[in-house]
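Trainee: If you read the protein sequences in the order shown, they are chains A and B.
For reference, each letter of the first sequence is one residue, going 1 to 424 in our numbering.
For reference, each letter of the second sequence is one residue, going 425 to 898 in our numbering.
Here it is: the structure, laid out below.
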Amino acid sequence: MSAVSTRRVFLKQYLGISTFLSLAPAVPALLGRAAFGAFPREDRDTILVVLQLAGGNDGLNTVVPYADDEYGRARYTLRLTANEVLKIDSLLGWHPRMKGFARLFAEGHLAVIQGVGYPNPHQGHFESMRIWQTARLEEASSCRTGWLGQAIDSVYRPEHAQVPALFVGQIERPFALSARRAIVPWIDSLRQCVMSSMPGADAASHRNWLTELAAAERSARLNPMLQFVQQSTLAARATSRRIEAAAETLGPTRTPDYPPFHLARMLRTIAQLIRADLPIRIYFTELGGPEPGGFDNHAGQRDNHAALLEQLSESVTAFADDLRRANLLDRVLLMTFSEFGRTVRENGRRGTDHGSAAPMFLVGGRVRGGLIGAHPNLTELENGGQRFHTDFRRVYATVLERWLGFDSQLALGARFDPLDVLTT
Amino acid sequence: MPEITKTPKTSHPSADSTRALAVDPVWAWAPYEPDPRQPWDMRRAGHLYRRAGFGAAWNELQRALADGPQRTIDRLLHPGHQAEAFNRAHDEYELSAIDPAAASSDTLRQWWLRRMLETPHPLLEKMTLFWHQHFATAGARVHNARLMQRYLQLLRSHGLGRLVPLMVAVTRDPATLLSLDVGANYRSRPSENLARALLEHFTVGPGAFTGQDVREAARAFTGWSVLTRQLRYLEHQHDSGVKTILGQQGNWSGEDAVRIALQHPATAPRLVRKLYRWFISEADEPGEALIAPLAQLLAKDGDIGKLVETMLRSNLFFSPIAYRRRIKSPVEFALSIVRPFETLVPTAPLGHALNRLGQDLCEPPTLDGWEGGQTWITSATLLERHNLAVALLGGGEPFGDKLDPSALAEKHGHHSAESAGRFFVDLFLQGDLEDAVREKLLKGAGTRPASPPSAARYRQMAQAIVTLPEFQLA
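As structure tokens, this is what we get:
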């Protein structure tokens, strides 16, 4: 790539053309000094959105084997009948409150990976969640970094002054994002992504003043460290401005397109950030809150679970529709996970206990929609839960390698064969 | 007479310098004496306070100018009885503030930040922070604030002392053993975690030991466990047989294992390099010849204080090779804003803010600690620095108006916005700002300034200064 065109890519990437024009006298000399070399554009710009469902989602009442008699026997109060579910095929159907997912599935943008788990399943919330967050089994408790943190560390270059990941949510940043070197940020609203202004100042002129101060040319005898911080400061200011601009074009916080759920708010924020064309490859958000997690319904599961599934389905569908309207759905892959499924049999309190295998959902424009893998039967159980047939680390390997283009072996500590669930 | 391969063009401390590859070690570590080309001025005084502490208030800078470098360093190294009294009193406050059953390190963090701000011995806190990230014991893995507090006290009491007692104490520190997940450490099932941490992280470093060394060192540490939060030594669980650790054979105990590791030729240079990065420069890797004399000094009697003193007093420390060649960690960034105001701010919200900047005190991410340097600087963390500066200097929640730039300027005799602006550049940056940028800064945000200038204008000026690229450099 020629120096001129690489500089243009850099400008688009970090400053936006309009910003460049307003800074025109100050910027070119700064950029001339090896600036582009510090911030190369990635080959790929695919985005992964990881959605944590905390508490142990009852896959059996999410993708329901309504036609299986054993289901009816085991779920004597919680069963969903053939008339209630949104049918997928002659065996399975969606929980009735998941209209959005049913539609996405019919459109081919949703894949259900069935029977996902790991050998010798642990049935404690903390321990099993830690296994999913670290992608380690025996070493999970001593591991100090998460699977995503390790992946981020493998691509992070300090001289680029960018960490390509962000947690969007109100709980503590999940362990999956713990990294050794990279500092992975977290926000719960777009407001935290923009530079606040000082009281008594006209926001726009104040902002321009600070940008001019940062951009002003320092003399030739520059300290390379100063140069690095200067470039990074300009990039940070430009990013803040881009996010503000992206947010401004979208109107009030609750558009009719997103349902009034917490998860919908988080996903809407992520959609706004994706629109702002930032170098973030991994977003992480969550439903269910802090440990043990809202999906953990040991008693009176029916209504609680239904509400969560509706929030999940409608929020994710609104997100997908939003991205589709912006022609961005092909660049995004959303993946859900939970620390385990539930027991096949009810527990006598109209609830279920901790199980093991459960489905994972993938949503995106390049997903090979449909059911992946057989529905685990309801008779060969492991500690009361369904048996897994697909190791979750294969799903992780798929999203790391095939979607993001990262080294999955580094992040997962071993080689896992990806699944054929993407059309790219 | 300074002898470096490329003589700086001027005496300006931040003039572009050579990578420190061929620096004469004799000149480098000889004590700095001011001369016309390397004068003792406000820049060097500010530099000393940034490195040996967390920044300086105006009076401290003035006093340092009057006292000269070596007397100022004397005071930083040996502040006297007031420091001991202060730390003892602070230990009491901490003890009474921390609930014995508390798992979270929040309160401890709050008190530590307060100590960093108020201490008459900032160098000791800087060293405590250095060892904290070297040993990397993490509160979230300990689940007990009292144990974390005792761990920090341990680091503080040995931090400028001697290596052997420091290291032995750490290997017997309950918080450290819990953080390393040592568990029951029995003869029949030695835990390798402490041994591996000792060799890989605390002393010789990766590549200088084998798996066998870890296993043998693990045997030496058997018998030491943390049970019900207390350190216990069970004689019958200790493997007293012969072990070979790093080539040394004997009936080694845990303490012996520590001594052997410290004596290994890889350890002293490794620790010196870490301290070089901490006190001198993150911008380049020092050559072996430059490290060697300090490594010898450290290996001789393990005197950390003497090593630090040598570094601080040296020509190299006051040369362009060191000047503005570190990036302020979040703690340094925040405290170098607060200290010049000569007042306290609420440290609970400060601790949370520093977490957003990437440094959750008491919670280093891994045994590698916080890498520092360029890793402190990303789009997200620069945004957080900006927003923290607004929070600290804007006069609103959560810090209130503890930091009042116009009052500070008035206090030091500056009654106009321009005069105050120049004062702030001297106070916060010791003048390290190109003239053109300074003029743009003093002109303000462009809109017609109110006359007399509002307090808000002074606040905006201060916030602009601490978000400058220059201010991010230590």
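Note that the Cβ used here is the ideal one computed from N, Cα and C, for glycine as well.
1) Answer yes or no: do R750 (chain B) and A898 (chain B) have a C-beta to C-beta separation smaller than 9 Å?
2) With a floor of 4 residues, list each alpha helix (DSSP H) that falls wholly inside the region 97 to 178 of chain A, ordered by position along the chain.
3) Could you give the uninterrupted runs of the beta strand (DSSP E) lying entirely in the region 575 to 650 of chain B, keeping only those of 3 residues or more?
4) To the nearest whole angstrom, what separates the beta carbons of A716 (chain B) and P449 (chain B), a pair I think is in contact under 8 Å?
5) What separation, rounded to the nearest whole angstrom, lies between the Cα atoms of Q798 (chain B) and P164 (chain A)?
6) Is the beta carbon of G341 (chain A) sitting closer than 9 Å to the one on G59 (chain A)?
7) Do you know offhand how far Y71 (chain A)'s Cα is from L378 (chain A)'s?
8) Mind checking who D459 (chain B) pairs with in its DSSP beta bridge?
9) Measuring only the C-alpha atoms, how far is A886 (chain B) from W209 (chain A)?
10) Assuming the contact rule is C-beta atoms closer than 8 Å, A357 (chain A) and V63 (chain A) should be a hit. Round their C-beta distance to whole Å, please.
11) Use the C-beta contact count for K835 (chain B): other C-beta atoms within 10 angstroms, 16 or more gives buried, fewer gives exposed.
12) Quick one: is L226 (chain A) near chain B, going by C-beta distance under 9 Å?
13) Give me the residue from A:E244, A:G288 and A:T233 with the minimum Cα distance to L497 (chain A).
14) What three-state label does DSSP hand S677 (chain B) in the structure shown?
15) From the DSSP output, which residues share a beta bridge with G820 (chain B)?
16) Is the shortest distance between the beta-carbon of A641 (chain B) and the beta-carbons of chain A less than 9 Å?
17) Who pairs with K752 (chain B) in a beta bridge, going by DSSP?
18) Would you list the one or two residues that DSSP bridges to Q884 (chain B)?
19) Less than 7 Å between C-beta atoms, sequence neighbours within five positions excluded: which residues of the same chain meet that for Q311 (chain A)?
20) Which whole-angstrom value describes the C-beta separation of E314 (chain A) and A54 (chain A), a residue pair presumed to lie in contact below a C-beta threshold of 8 Å?
21) With a CB to CB cut of under 7 Å and the five nearest residues on each side skipped, what residues in its chain are close to E382 (chain A)?
22) Assuming the contact rule is C-beta atoms closer than 8 Å, Q230 (chain A) and A214 (chain A) should be a hit. Round their C-beta distance to whole Å, please.
23) Run through chain B and tell me which residues come within less than 9 Å of L137 (chain A), C-beta to C-beta.
24) At what residues does the alpha helix (DSSP H) containing S205 (chain A) begin and finish?
25) Do you know offhand how far T496 (chain B)'s Cα is from N675 (chain B)'s?
26) Applying the 10 Å Cβ sphere with the 16-neighbour rule, what's the burial state of N811 (chain B)?
27) Is the region 751 to 771 of chain B in contact with the region 710 to 727 of chain B, if contact means three or more CB pairs nearer than 8 Å?
28) Find the nearest neighbour of H298 (chain A) within the set A:G56, A:F228 and A:Q114, judged by alpha-carbon distance.
29) When the Cα atoms are used, what is the spatial distance from L333 (chain A) to E138 (chain A)?
30) Using a beta-carbon distance cut-off of less than 7 Å, what residues from the region 746 to 767 of chain B approach chain A?
31) Does chain B have any CB closer than 9 Å to the CB of D202 (chain A)?
32) Excluding the 5 residues flanking P65 (chain A) on each side, which residues of the same chain have their C-beta closer than 8 Å to its C-beta?
33) What in chain B is Cβ-close to E212 (chain A), meaning under 7 Å?
34) Give the residues of chain B in contact with V163 (chain A), contact being defined as C-beta atoms less than 7 Å apart.
35) Between B:L519, B:L547 and B:P544, which has its C-alpha nearest Q534 (chain B)'s C-alpha?
36) For my contact list, V682 (chain B) and M591 (chain B) are in at a C-beta cut-off of 8 Å; report their separation, rounded to the angstrom.
Mentor: According to the structure shown:
1) As a position in the second sequence, residue 750 (chain B) is number 326, starting the count at 1. As a position in the second sequence, residue 898 (chain B) is number 474, starting the count at 1. Yes.
2) 99 to 107, 125 to 134 and 147 to 155
3) none
4) As a working mapping, residue 716 (chain B) is identified with position 292 in the second sequence. As a working mapping, residue 449 (chain B) is identified with position 25 in the second sequence. Confirmed, about 7 Å.
5) Walking along the second sequence from the start, residue 798 (chain B) turns up at place 374. Walking along the first sequence from the start, residue 164 (chain A) turns up at place 164. Roughly 16 Å between the two C-alpha positions.
6) Here residue 341 (chain A) corresponds to residue number 341 of the first sequence, with the count starting at 1. Here residue 59 (chain A) corresponds to residue number 59 of the first sequence, with the count starting at 1. In contact: G341 (chain A) and G59 (chain A) (Cβ atoms closer than 9 Å).
7) Counted from its first residue, the first sequence places residue 71 (chain A) at position 71. Counted from its first residue, the first sequence places residue 378 (chain A) at position 378. Roughly 7 Å between the two C-alpha positions.
8) Walking along the second sequence from the start, residue 459 (chain B) turns up at place 35. For D459 (chain B), which the question treats as bridged, DSSP gives the partners B:Q462.
9) Taking the second sequence and counting its residues from 1, one reaches residue 886 (chain B) at position 462. Taking the first sequence and counting its residues from 1, one reaches residue 209 (chain A) at position 209. Straight-line Cα distance between these residues: approximately 13 Å.
10) Position 357 of the first sequence, counted from the start, is the residue given in the question as residue 357 (chain A). Position 63 of the first sequence, counted from the start, is the residue given in the question as residue 63 (chain A). With 8 Å as the limit, A357 (chain A) and V63 (chain A) do not qualify as a contact, their Cβ atoms being about 12 Å apart.
11) Along the second sequence, read from residue 1 onward, the residue named residue 835 (chain B) stands at position 411. K835 (chain B) is exposed by the Cβ-count criterion.
12) Taking the first sequence and counting its residues from 1, the one referred to as residue 226 (chain A) is at position 226. So yes, L226 (chain A) belongs to the interface.
13) Not covered by the structure: residue 497 (chain A). The range shown for chain A is 1 to 424.
14) Position 253 of the second sequence holds residue 677 (chain B). Here S677 (chain B) sits in coil by DSSP.
15) By 1-based counting over the second sequence, the position of residue 820 (chain B) is 396. DSSP lists no partner for G820 (chain B).
16) Locating residue 641 (chain B) in the second sequence gives position 217, counting from the first residue. By this cut-off, A641 (chain B) is not an interface position.
17) In the second sequence, counting from the first residue as 1, residue 752 (chain B) sits at position 328. BP columns for K752 (chain B) are empty, so no partner.
18) Within the second sequence, residue 884 (chain B) is the residue found at index 460, counting from 1. According to DSSP, Q884 (chain B) bridges with nothing at all.
19) Taking the first residue of the first sequence as 1, we reach residue 311 (chain A) at position 311. Taken in chain order, the residues that qualify are F261, L263 and L287.
20) Within the first sequence, the letter at position 314 stands for residue 314 (chain A). Within the first sequence, the letter at position 54 stands for residue 54 (chain A). Actually they are not in contact, since the Cβ atoms of E314 (chain A) and A54 (chain A) sit about 19 Å apart, beyond 8 Å.
21) Along the first sequence, read from residue 1 onward, the residue named residue 382 (chain A) stands at position 382. Contacts found: P121 and S356.
22) If you number the first sequence from 1, residue 230 (chain A) lands on position 230. If you number the first sequence from 1, residue 214 (chain A) lands on position 214. Confirmed, about 6 Å.
23) The count along the first sequence starts at 1 and reaches residue 137 (chain A) at position 137. Per Cβ cutoff of 9 Å: no residues; L137 (chain A) is ~16 Å from chain B at best.
24) Numbered from 1 along the first sequence, position 205 holds the residue referred to as residue 205 (chain A). Taken as a continuous stretch (DSSP letters only), the alpha helix (DSSP H) holding S205 (chain A) covers A203 to A215.
25) On the second sequence, residue 496 (chain B) is found 72 positions in, with the first residue counted as 1. On the second sequence, residue 675 (chain B) is found 251 positions in, with the first residue counted as 1. Computed Cα separation, rounded: 48 Å.
26) Here residue 811 (chain B) refers to the residue found at position 387 when the second sequence is read from its first residue. Looking at its Cβ environment, which holds 16 or more other Cβ atoms inside 10 Å, N811 (chain B) is buried.
27) no
28) Reading the first sequence from its first residue, position 298 is the one you call residue 298 (chain A). Among A:G56, A:F228 and A:Q114, the Cα nearest to that of H298 (chain A) belongs to A:G56.
29) Taking the first residue of the first sequence as position 1, residue 333 (chain A) is located at position 333. Taking the first residue of the first sequence as position 1, residue 138 (chain A) is located at position 138. Their Cα atoms are separated by approximately 29 Å.
30) R748, R749 and I751
31) Within the first sequence, residue 202 (chain A) is the residue found at index 202, counting from 1. Chain B, which has a Cβ nearer than 9 Å to the Cβ of D202 (chain A), makes this yes.
32) Counted from its first residue, the first sequence places residue 65 (chain A) at position 65. So the list reads Y71, L91, L92, H375 and L378, once near-sequence residues are dropped.
33) For the purposes of this step, residue 212 (chain A) is taken as residue 212 along the first sequence, with counting starting at 1. Here the neighbours are K864.
34) Numbered from 1 along the first sequence, position 163 holds the residue referred to as residue 163 (chain A). Chain B residues near V163 (chain A): T802 and A804.
35) Counting from 1 along the second sequence, the entry for residue 534 (chain B) is found at position 110. The option with the nearest alpha carbon to Q534 (chain B) is B:L519.
36) Position 258 of the second sequence, counted from the start, is the residue given in the question as residue 682 (chain B). Position 167 of the second sequence, counted from the start, is the residue given in the question as residue 591 (chain B). The Cβ separation is near 5 Å, so the contact holds.
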